[in-house]
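Numbering (mature numbering (1 follows the signal peptide of the UniProt record, and there is no 0)), first residue to last: -24 to -1, 1 to 824.
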């Protein structure tokens, strides 16, 4: 008997030991180890000042999946594209507020347990999971909250309670809900059903912005207000969820699937695992990743990508968008639930800041953004042109990211600005978005598919521009009475130089794209080219730089002295206007100093890219730091529209800032130049204190893995496609790097920059070339190889205007290569008649 008792005691000791070991592991591992760069920790919640002491949800992470979402601990959720009118039905609109019925925090009735409990909060930026954890002598309680990435109508709450081995307490855990009432101000409850395992309500919006979003259907599995953990129960799990959609069948489908998962093997945790798998698929598609040597930057890069990816639809959804679905664009603040608009309207910033950040990392998400513009082109953009007595199509200054377009009479009053009709640059930004996406993918689907019809969109925008361009007294063409993004003047005697140039680029690129669409060049009238080539330029030949405005007497002027948007610098990136390095550097030098501090952060990101292109390393790092240091809200890395220490920080979770930041890494530090017919990697480097950056990029259907370190660049082919690719590489640098001093001097760093002949590829003598195939791997010595080019030897079949869209009739002829002058002048009758061009060509012929 003694032996049996000893054995029993030994057995219980062993069991107790392993229980303690498991518990210790649970205490150390808050959740599965996903890497430090993906986990943001905090021991407290920021609260608003005042008697309410409510959690400041503007500082909380956004839990979203591209279709539904809202801030953690927020009272409301939103369905992407569902908006309501405010009191003034002609101007005020806001995101329709649906009660977040499951949002709660952990509390205790027992005051002793409450006082001795410690709380910790973690946000997983890889999977969009917020974890609240409470530890006390009684138990370890974890609550995970997330918007399900696969079942995209589903919002999930999971609670796990693990009793401590030595605890004999009967614990009561309360859940403090932030909004447990289904009632709301934006809707009326039309139908309310109670079932055994769930509830369902149909909500009719009081003032719906869209006829297609009049009703919202909500299914939810109720959560208890408190949980009693009795003796003998060591582990307790509870999963609750709600499903919502404007369509009842779609809401029910996600809800029923979640019920099926729940009724299966609970140990399989299928709801959670399917969520993880869906996010893994997205990250496998493409991403940026930094090493832990600079943990703050690594976390910010991960959180920024999550902000973008969680705001957009994905084909990994259980109900991916059908070809005939109306696709909404993300609001600039994503699923943040501020009620202020018009600042949450779609503008050119989506096209130039968000989409280019996605086109090589998440091309399907970028394509869905184009679908939104395509829907506008079918309807509202035509009506805008007709209302203004114009041909073609014209995109509005700002648009709600909603299911259908608003009434045309209300469109321009949404932003409360009288000059909205003059912002023609919006249409050129749409052209640039299509151009950027097509350069990255050669996706044939967008050319003529009914959901996109990009060829028609490009032609109709060009038609609109060609009509708007007016002949000047010296036979130039100008888009008069236009306002640029900076909106600093409404003087009708001034012409916006940025708008003139990007109008020219758009028309010239239209000829290339219609050729790629299989149409002949004659489908675009020759007089369109004539107008584009002979555009009135904001160029000062004495100072050899571009000015922001042109007076109607054709004098280029710089007005005003300080700017809030870079505007004219956008012609260099992302529009890539083909001028000499000297002119580009003069522009960068002039306007970099004019930018005000209270600007949106993507302006600093654009400056980062442009300085990196010309190897101005210190200014690159300086502008890179300016782009995020004062714009990121801690601890959960939320982007602010304006500096967070300013009186008006603007929107939270501001996606154009996130997009600009990713672009500065991808097209700045990584040195990737995405051209119409090739991809170049030029002079890559790393931000200060970083040892490694990895990029999974998509190019023409291939998945390419780049690794950048201080010592080498490595390229691996992860996945191939039908488009054959070839890589050419050589040893020479793009521009010789200038030795830098320790102190930044804006003026000094621009001294002695090498100036080339206007050909940014003037030393294109490659030493080696290889065909790419799956599994291909090559490593370059960072000090030896400074540039390589990847392209399809099948060719684009059409000549890109990127190499000839400079204007020898307007710039000095020395800015161009001889063959560029011949190419463009031989295709433009007007230019051939110019005796100066004949003189230049004849002189070059005899000299060369």
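Using N, Cα and C, we set each Cβ at its ideal position, and we do this for glycine too.
This one's a predicted model, so the numbers in the text were calculated from it and none came from an experiment.
Beyond the five residues adjoining it in sequence on each side, residue 399 comes within less than 7 Å, by CB distance, of 373, 459 in the same chain, given in chain order.
Annotation for residue 635: the continuous alpha helix (DSSP H) segment containing it runs 631 to 639.
When only Cα atoms are considered, residue 340 and residue 209 end up about 47 Å apart. Per DSSP, the unbroken alpha helix (DSSP H) holding residue 362 starts and ends at 356 to 363. Fewer than three pairs of CB atoms, one per stretch, sit closer than 8 Å, so the segment 653 to 669 makes no contact with the segment 603 to 613. One thing to note: residue 218 has its Cβ no nearer than 8 Å to the Cβ of residue 327. Judged by DSSP in its simplified three-state form, residue 109 adopts strand.
Annotated three-state conformation of residue 177 is strand, per DSSP. Put simply, of 196, 204, 182, 97 the residue whose alpha carbon is nearest the alpha carbon of residue 84 is 204. The shortest CA-to-CA distance from residue 745 to any of 759, 751, 768, 523 is the one to 768. Beta-bridge annotation (DSSP): residue 215 is paired with 134. As summarised for the segment 421 to 451, the continuous alpha helix (DSSP H) elements at least 4 residues long and confined to that stretch are 421 to 424, 430 to 444, given in chain order. At a Cβ-Cβ threshold of 8 Å, residue 489 and residue 431 count as neighbours.
Scanning 121, 47, 17, 41 for the CA closest to the CA of residue 96 turns up 17.
Cβ-Cβ distances below 6 Å link residue 436 to 368, 369 in the same chain, with the five nearest sequence neighbours on each side left out; the list follows chain order. Around the beta carbon of residue 773, fewer than 16 other beta carbons lie within 10 angstroms, which makes this residue exposed. Membership of residue 746 in the beta strand (DSSP E) is indicated by the continuous run 744 to 747.
The closest CA to that of residue 478, considering only 120, 750, 547, is found on 547.
In the assembly as shown, residue 760 is an exposed residue. Its beta-carbon has fewer than 16 other beta-carbons within 10 Å.
With distances taken between CA atoms, residue 262 lies nearest to 671 out of 671, 640, 433. DSSP places residue 100 within a strand segment (E or B) once states are collapsed to three.
Spanning the alpha carbons of residue 650 and residue 360 requires a straight line of approximately 32 Å. The Cβ atoms of residue 45 and residue 53 sit closer than 8 Å to each other.
About 15 Å separates the beta carbons of residue 524 and residue 559, which is beyond the 8 Å limit, so they are not a contact pair. When the five nearest sequence neighbours on each side are left out, the beta carbons in the same chain lying within less than 6 Å of the beta carbon of residue 474 are those of 460, 543, 544, in order along the chain. Its chain contains 603, 636, 637, 639, 640 as the residues whose beta carbon lies nearer than 7 Å to that of residue 581, once the 5 sequence neighbours on both sides are disregarded; these appear in chain order. Between the C-alpha atoms of residue 647 and residue 564 there is a straight-line separation of about 18 Å. Partner residues in the beta bridge of residue 671, as assigned by DSSP, are 264, 682. With contacts defined by Cβ atoms closer than 8 Å, residue 222 and residue 188 form a contacting pair. With 16 or more other Cβ atoms from the protein chains shown falling within 10 Å of its own Cβ, residue 540 counts as buried. Comparing alpha-carbon positions, the option among 494, 171, 654, 595 lying closest to residue 568 turns out to be 595. At the C-beta level, residue 106 and residue 39 come within 8 Å of one another. In chain order, 44, 53, 55, 74, 129, 131, 192, 193, 194, 195, 227 place their CB closer than 8 Å to the CB of residue 220, counting only its own chain and leaving out the 5 sequence neighbours on each side.
For residue 762, DSSP assigns no beta-bridge partner whatsoever. If you ignore the 5 residues before and after residue 13, its C-beta comes within less than 6 Å of the C-beta of 274, 275, 278, all in its own chain and listed in chain order.
With a cutoff of 8 Å on beta-carbon distance, residue 237 and residue 247 are scored as near each other.
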